[in-house]
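Chains as they are written, first to last, in my numbering: chain A, 8 to 330; chain B, 8 to 330.
Structure representation (structure tokens):
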């Protein structure tokens with residue numbers, strides 16, 4: 008923790024970004040980057056460049072092909088170019104600690120600014136703007152542009168809109184607020200194409216659709232239909248495949264109170280995602296050394312797939328009986 | 008067509024609905040009812056009841072189980088109760104002709120009001136409010152409540168929000184406008200739970216998930232990956248299964264320019280849905296006696312599945328070559 012991490016308002020954050028002494032500005036996002044951090048960095052970066060700043064975009068990880076439509080995405084620096092980088096200001100977006108930005112933390116900076124909507128923060132920055140009620144860091148950035156009276160062109164709007172819709176699941180998650188909607192309304196007013204953005208974010212590889220077919224073919228039930236689960240056996244496991252959304256298939260079935268997604272990441276290591284309507288699956292996950300939220304939790308069980316399934320299903324059934 | 012179908016504004020529509028001589032009001036929706044027409048009718052119906060009107064809700068079709076969460080859904084009349092019904096005002100929502108409401112058109116009414124956002128209209132009503140730029144009839148109804156200063160409670164807001172999100176695909180379709188977003192922001196401000204609504208709309212039966220697995224297992228490609236297609240063979244065809252969304256799986260694959268979904272609705276009858284990024288699939292569908300929009304079209308081919316596939320794939324390949 009910094010000797011002094013000062014919490015600031017939106018206008019102070021804007022002034023810091025446009026301060027004349029901050030000529031070289033790096034924008035860093037978290038590892039395993041998603042639409043929120045990428046869109047936020049690209050939108051802010053495009054604006055700062057238009058104001059004469061030299062901007063460096065840092066993401067210490069592969070960027071998913073689905074984000075290739077974002078204007079400026081090709082400008083993210085390659086990891087090997089970070090080492091010698093020195094900037095006036097390092098702005099960390101959508102991450103609450105330097106650990107979350109991976110090797111981007113090795114960049115030398117005179118001043119650190121942190122803008123985030125997550126609850127946990129290590130207070131590493133000189134200045135912090137944190138709003139845990141914002142559905143996305145992109146929503147905060149829209150407020151920043153709005154509060155500072157900064158122009159939002161079509162490309163910037165596309166980036167910020169992508170950021171917002173990623174983190175609120177296209178306005179479906181509980182974090183969606185009237186403010187989220189007003190931000191989206193304003194960005195739509197900038198002439199963006201919402202169908203183009205959503206179509207682009209939907210894009211998948213043929214292999215990921217085939218994997219989904221195989222996984223869904225194994226849809227199973229326990230506790231008389233109150234538990235539904237799917238599995239990726241180790242021979243089908245691909246660490247690069249995007250399969251996070253698979254849990255939604257067992258989750259949204261009539262009568263299902265708890266859903267589990269078993270992924271055999273190793274021959275004796277099984278990762279488990281849990282979802283529920285109102286059962287406390289965090290408590291179940293904690294029993295296996297994991298954690299999470301009431302209705303969305305996870306854990307890793309050091310057992311082959313079948314044994315892990317047996318243990319988890321028994322734990323879920325016991326939890327359902329206690330309800 | 009009526010001798011006189013007068014186009015009116017929102018306030019006139021509001022006045023007509025609350026006119027003292029309109030004590031018994033029927034609200035009718037189109038056959039194969041969706042979230043837009045059901046939510047619109049329920050939201051308006053709840054308000055009219057609160058103002059002392061006797062309200063009859065008419066839907067000449069099965070109502071999907073996914074809509075069972077909508078407040079008041081149990082109040083839709085059963086078809087056999089229509090015959091003797093006489094009302095002062097019949098308000099047709101989200102449909103542009105009496106044919107679209109099926110047997111609900113047999114109800115006797117002194118006055119007909121039509122509120123719709125579709126482009127085609129048979130001008131059957133005495134009074135018509137039509138806004139083809141509205142993403143949903145639910146969006147029009149929100150404007151009606153807003154223009155008339157009518158109170159929107161949590162239940163009404165849940166119904167109108169469901170109506171809007173159904174027809175704009177949770178703000179993903181191109182019909183989403185800043186006004187759609189402002190309507191949603193206002194409805195969220197009424198204290199509704201967006202995650203509860205979206206979760207409820209996601210609900211599926213185990214059989215529909217199993218059918219999806221089987222259909223996706225047959226994902227195929229043609230024209231070197233530029234065409235992707237899936238099929239429901241006749242032995243798997245279930246007229247009651249909701250499978251409209253299946254076309255999105257071949258559609259959103261990298262490199263795919265045209266997607267087709269073949270459904271063997273009979274041993275010698277194949278229904279085909281087409282989607283594209285920019286290929287004119289309406290022109291292709293017209294060649295088979297069908298029609299639709301540039302990027303979303305469909306037709307029925309009076310051939311068994313395999314022959315229908317061959318003919319359609321050849322037509323799509325020819326269209327791609329001409330591009």
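C-beta: ideal position from N, C-alpha, C; glycine also.
- Neighbours of residue 196 of chain B in chain A, taken as residues at a C-beta separation under 7 angstroms, are given in chain order as 185.
- Listed along chain B are 223, 226, 256, 260, each with a C-beta nearer than 7 angstroms to that of residue 216 of chain A.
- Close CB contacts of residue 295 of chain A within its chain, under the 6 angstroms cut and outside five residues either way in sequence, are with 306, 308 (chain order).
- The stretch 285–328 of chain A is shown to contain whole alpha helix (DSSP H) runs of 4 or more residues at 288–293, in chain order.
- Nearest to residue 69 of chain B by C-alpha distance, out of B/41, B/52, B/46, is B/41.
- Interface annotation, residue 219 of chain B: in contact with chain A, CB-CB separation under 8 angstroms.
- In this structure, DSSP gives residue 94 of chain A an extended state, which the three-state scheme calls strand.
- Under the three-state reduction of DSSP, residue 99 of chain A is assigned to strand.
- Distances from the alpha-carbon of residue 162 of chain B to those of B/79, B/34, B/301 put B/79 closest.
- When the beta-carbon positions are compared, residue 267 of chain A and residue 323 of chain A come within less than 8 angstroms of each other.
- Taking a beta-carbon distance threshold of 8 angstroms, residue 113 of chain B does not count as an interface residue toward chain A.
- Taking 8 angstroms as the CB threshold, residue 46 of chain A stays off the interface with chain B.
- In the structure shown, the three-state DSSP call for residue 127 of chain A is coil.
- When DSSP states are grouped into helix, strand and coil, residue 261 of chain B belongs to the coil group.
- One thing to note: residue 66 of chain A has its Cβ no nearer than 8 angstroms to the Cβ of residue 210 of chain A.
- The beta carbon of residue 253 of chain A sits no closer than 8 angstroms to any beta carbon of chain B.
- Within the same chain, Cβ atoms closer than 6 angstroms to the Cβ of residue 60 of chain A are found at 32, the five residues on either side in sequence being excluded.
- Bridge partners of residue 121 of chain A according to DSSP: A/99, A/135.
- Ranked by Cα distance from residue 160 of chain A, the options A/56, A/280, A/313 are led by A/56.
- Taking residue 90 of chain A as the centre and dropping the five residues before and after it, the same chain places the C-beta of 113 closer than 8 angstroms to its C-beta, in chain order.
- With three or more CB-CB distances shorter than 8 angstroms, the stretch 164–181 of chain B counts as touching the stretch 39–53 of chain B.
- Rounded to whole angstroms, residue 264 of chain A and residue 313 of chain A show a C-alpha spacing of 22 angstroms.
- DSSP, reduced to helix, strand and coil, places residue 171 of chain B within a helical segment of the structure shown.
- Contacts with chain A at 8 angstroms (Cβ-Cβ) do not include residue 41 of chain B.
- Residue 69 of chain A sits in coil when the DSSP states are folded into three classes, being neither helix nor strand.
- Taking a Cβ-Cβ threshold of 8 angstroms, the residues of chain A close to residue 210 of chain B are 259, 260, 261, in chain order.
- At a cut-off of 8 angstroms between C-beta atoms, residue 299 of chain B does not count as an interface residue with respect to chain A.
- The residue among B/302, B/196, B/276, B/96 with its C-alpha nearest the C-alpha of residue 180 of chain B is B/302.
- Taking residue 329 of chain B as reference, the option from B/285, B/269, B/183, B/142 with the minimal CA-CA separation is B/285.
- For residue 268 of chain B, the secondary structure class from DSSP, reduced to helix, strand or coil, is strand.
- The continuous beta strand (DSSP E) containing residue 237 of chain B extends over residues 234–239.
- For residue 75 of chain A, no alpha helix (DSSP H) encloses it, and the DSSP letter there is neither H nor E.
- According to DSSP, residue pairing for residue 61 of chain A in a beta bridge involves A/31.
- Looking at the DSSP output, residue 278 of chain B shares a beta bridge with B/270, B/307.
- According to the DSSP secondary-structure assignment, residue 227 of chain A is paired through a beta bridge with A/236.
- Counting C-beta pairs with one atom in each stretch, the stretch 124–132 of chain A and the stretch 95–105 of chain A have three or more that are closer than 8 angstroms, which means they touch.
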